[in-house]
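Structure, as structure tokens:
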Ligand code: HEC
């Protein structure tokens with residue numbers, strides 16, 4: 009019995025002719041196929057990241073439209089003399105901690121942005137969740153021609169804890 013099965017397996021390996029060996033050889037064959045498909049998910053793991061980033065951006069755009077666009081405009085160019093642009097500014101694409109602080113605490117310091125000072129004040133947005141702030145900052149860092157990396161909710165949470 010054992011000998012016959014082993015021979016069958018060997019034949020299966022070398023000849024790949026399932027028909028004459030019966031069910032057992034087919035089972036083995038299916039098992040090795042399972043192995044091949046079980047290894048696949050590692051190759052597609054990168055796709056999950058992309059999906060998460062897209063969700064983050066989508067949330068960010070919603071927050072932007074609701075809480076920022078009235079002043080900074082939907083094209084991120086701001087309003088001359090009143091509200092600064094978010095396109096190509098060092099505040100947006102530079103240091104993450106400084107950027108997170110501006111959104112959490114607002115600013116009435118008369119920041120100089122690209123050589124101009126703006127007379128309006130920036131309101132605090134600490135009522136937004138870490139996810140919402142991470143989303144809106146990731147959105148502005150990747151929109152209006154900006155090409156900076158994204159910001160995570162964990163990074164916002166860390167800066168929020170520092171300023172409490
Ligand atoms: C009421 C108008 C107003 C709203 C609403 C507003 N801002 Fe501002 N924002 C300003 C003004 C004015 C400044 C400059 C503040 C200063 O000079 O101290 C500023 C500064 C900034 C800066 C730093 C300077 C720059 O232009 O790079 C960033 C970044 C920023 N805002 C992002 C946001 C984001 C994100 C939101 C929405 C969550 C938002 N702002 C909502 C008016 C606004």
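Residue numbers (this note's numbering): 9 to 172.
Note that the Cβ used here is the ideal one computed from N, Cα and C, for glycine as well.
Contact between residue 80 and residue 70 fails: their C-beta atoms lie close to 15 Å from each other, not under 8 Å. Annotation for residue 113: the continuous alpha helix (DSSP H) segment containing it runs 104-113. Excluding its 5 nearest sequence neighbours in each direction, residue 157 has C-beta neighbours in its own chain below 8 Å: 149, listed in chain order. Ranked by Cα distance from residue 98, the first of 171, 153 and 163 is 153.
When the beta-carbon positions are compared, residue 110 and residue 130 come within less than 8 Å of each other. Between residue 142 and residue 160, the gap from beta carbon to beta carbon is short of 8 Å. Assignment of residue 91 by DSSP, reduced to helix, strand and coil, places it in the strand class. Counting C-beta atoms within 10 angstroms of its own C-beta, residue 137 has fewer than 16 neighbours from the protein chains shown and is therefore classed as exposed. Exposed is the label assigned to residue 102, since fewer than 16 other Cβ atoms lie within 10 Å of its Cβ.
For residue 96, the Cβ stays outside the 7 Å cut-off from all heavy atoms of the ligand HEC. Between residue 151 and residue 84, the CB-CB gap stays under 8 Å. The residue from 104, 90 and 67 with its alpha-carbon nearest to that of residue 166 is 104.
In this structure, the ligand HEC has a non-hydrogen atom nearer than 7 Å to the beta-carbon of residue 110. Taking 8 Å as the cut-off, the Cβ atoms of residue 89 and residue 115 do not count as close.
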